[in-house]
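Undergrad: Right, I'll just put the structure down here and ask away after.
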Amino acid sequence: MDKGNPRELWEYVLTQIELSISPANFNTWFRNSFIVKIGEDGVVYIGVPSQFFKDWYLKKFHSLLLKIIRDISYEFRNIEYLIVKDEHRNKSQKENKNPLRGILELPLDEFYINKSDNLNPRYTFDTFVIGSFNNLAYAAAQAVLNRPGITYNPLFIYGDTGRGKTHLIQAIGNQFKKQYQGRKVFYLTSEKFTIDYTDSVQAGTANRFKDKYRQYDLLIMDDVQFLSKKLKTEEELFHLFNTLHDTNKQIIFSSDRAPAAIPDIAERLKGRLASGMTIDIGEPDPESRMTIVRKKASLHGILLSDEVVEYVATSISGSIRELEGMVNSIICHAQVKGSSPDIAEVRQSLRSFTRPQKNISVKNVVDKVAEYYGIDEESIYEKTRRREVVRPRQVIMYILREDFSISYPTIGTKLGGRDHTTVIHSCEKIKREVVVDNELAKEIQNIRTLLV
């Protein structure tokens, strides 16, 4: 990756963002954004479509984006957001387009969304892995495609994040387009629905909003749990649901929980959501995870050994999205090397995916840090100001706070009865220095790998 190329840098940022948020949020907030330019002062300028997006980025995504670009290079000092109109957006994206693409490079069209229906072309049944954890959901999807609007209407898919819900429901949409040419399909998140509704009310175009969503033969809404406490939007969805359902238009929802478990949502809407077929996608079994790894790698022309496949499949449990992120990392390394990596190279390349155990004790952290810096662990608890002890102690405080969310008073108590203000000062000091001190950043990353 050329970190000075805005397009290549944004491609990499997108791959990291997609691992950190739900696909629904990714599609809602990142499909129309891009890097406008990289300033000589180390500021990365990201173009967004409106003031609303700019405010949301500052509130929800700024810290994550800043962490990603600083992980790439500490030359990047900050991020600023620019509101960019469509004509300038298209021009800038064309100027940044790099026509040279390696055969193993991750395809950029994975991030290109069809604007007419919001569907991502990579989400198809051809790339969907079927296993014991999701075979019922897959069967229901096929039944819906055979008799849309009649069988299982609505279809409600739920499960923990990273289980492939968005892939499945968008695959239905993409297949629907092929089978029923001329019929209209539309995918969106509940957040996007809320934004559209709010904007229409403010602009006095509520009737146009109603007409827009009632024209679809298949409406797919992702992350419906975020309608919680949005009373006006819930009411609008309730009436839209009735209109579509009464005319045999197919409706599909996804959520991280069952309809009955969604808090602060109207009972009558809950009843509508649960009135068709409700299916849970569970955690993928080891065999399914290995199949996912093989299939993802093979799509990019890479054949992995059984040892590598098993290692990757068992390194992280639960999230298919994280699993795919690991395979993406392997693909990138294979592109550089020019051949499939062996198990040692895979272990090394996937170190960044390892995470500290959440149930680790303070003593474990103290032991590992003291061992790393070659000091006596008892000195960490003493009232000494020796530099060789102060820095490791500050690193311990920083890791306990950042990685394990332990309160400042608790950290102070556990580390020799220090005042919480001392802990705050230490954490903030390391947080500032890690941005500009490459050696310190490497030290902390190395320590984190010892804590898994």
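According to this note's numbering, the sequence shown is numbered sequentially starting from 613.
Built from N, CA and C at the ideal position, the CB exists for glycine as well.
1) From the DSSP output, which residues share a beta bridge with V655?
2) So, is E707 buried or exposed, given that buried needs 16 or more other C-beta atoms within 10 angstroms?
3) Distance check for T640 and R1060, CA to CA, integer angstroms please.
4) By the three-class DSSP mapping on this structure, what secondary structure does S572 have?
5) From the DSSP output, in three-state form, read off Y750 for me.
6) Terminal residues of the continuous beta strand (DSSP E) containing S866?
7) By the DSSP assignment, the alpha helix (DSSP H) with L678 in it spans what residues?
8) Taking three-plus beta-carbon pairs below 8 Å as touching, is the segment 863-875 in contact with the segment 828-846?
9) Could you check which residue in I680, N758, T996 has the C-alpha nearest to that of G1029?
10) Have a look at A751 and P766 and give me their C-alpha separation to the nearest angstrom.
11) Might you give, ordered along the chain, the residues of its own chain that have their beta carbon closer than 7 Å to the beta carbon of V978, omitting 5 neighbours on each side?
12) What is the C-beta distance between F638 and I650, in whole angstroms, given that I count them as a contact (C-beta under 8 Å)?
13) In chain order, what residues of the same chain have a beta carbon less than 6 Å from the beta carbon of Y1020, not counting five sequence neighbours either side?
14) Considering just the uninterrupted stretch of the beta strand (DSSP E) at T890, what are its terminal residues?
15) Beta-carbon separation of A872 and F768 under 8 Å?
16) Could you tell me the alpha carbon to alpha carbon distance between I591 and K882, rounded to whole angstroms?
17) Can you tell me where the beta strand (DSSP E) holding Y799 begins and where it ends?
18) What residue does the beta strand (DSSP E) around L831 start on, and which one ends it?
19) Does the segment 773-781 come within contact of the segment 803-822, defined as at least 3 CB pairs closer than 8 Å?
20) Determine the DSSP secondary structure at L720, reduced to helix, strand or coil.
21) Start and end of the alpha helix (DSSP H) containing F740?
22) Sorted by chain position, which residues of the same chain lie with C-beta nearer than 6 Å to K861's C-beta, five sequence neighbours on each side aside?
TA: The short version:
1) N690
2) Note that E707 scores 47 on pLDDT, short of 50, meaning its location in the model is unreliable and no value can be drawn from it.
3) 32 Å
4) Since the first and last residues shown for the chain are 613 and 1064, residue 572 lies out of range.
5) helix
6) 862-867
7) 674-684
8) yes
9) T996
10) 15 Å
11) E989, I992, I1008
12) Going by Cβ atoms, the distance from F638 to I650 rounds to 23 Å, so no, they are not a contact pair.
13) H1032, V1035, I1036
14) 889-892
15) no
16) No answer is possible for residue 591: the residues shown for the chain start at 613 and end at 1064.
17) 797-801
18) 830-834
19) no
20) Low confidence applies to L720: its pLDDT is 39, below 50, so where it sits in the model is not reliable enough to give any reading.
21) F740 -> no alpha helix (DSSP H), and no H or E assigned at all.
22) G761, D829
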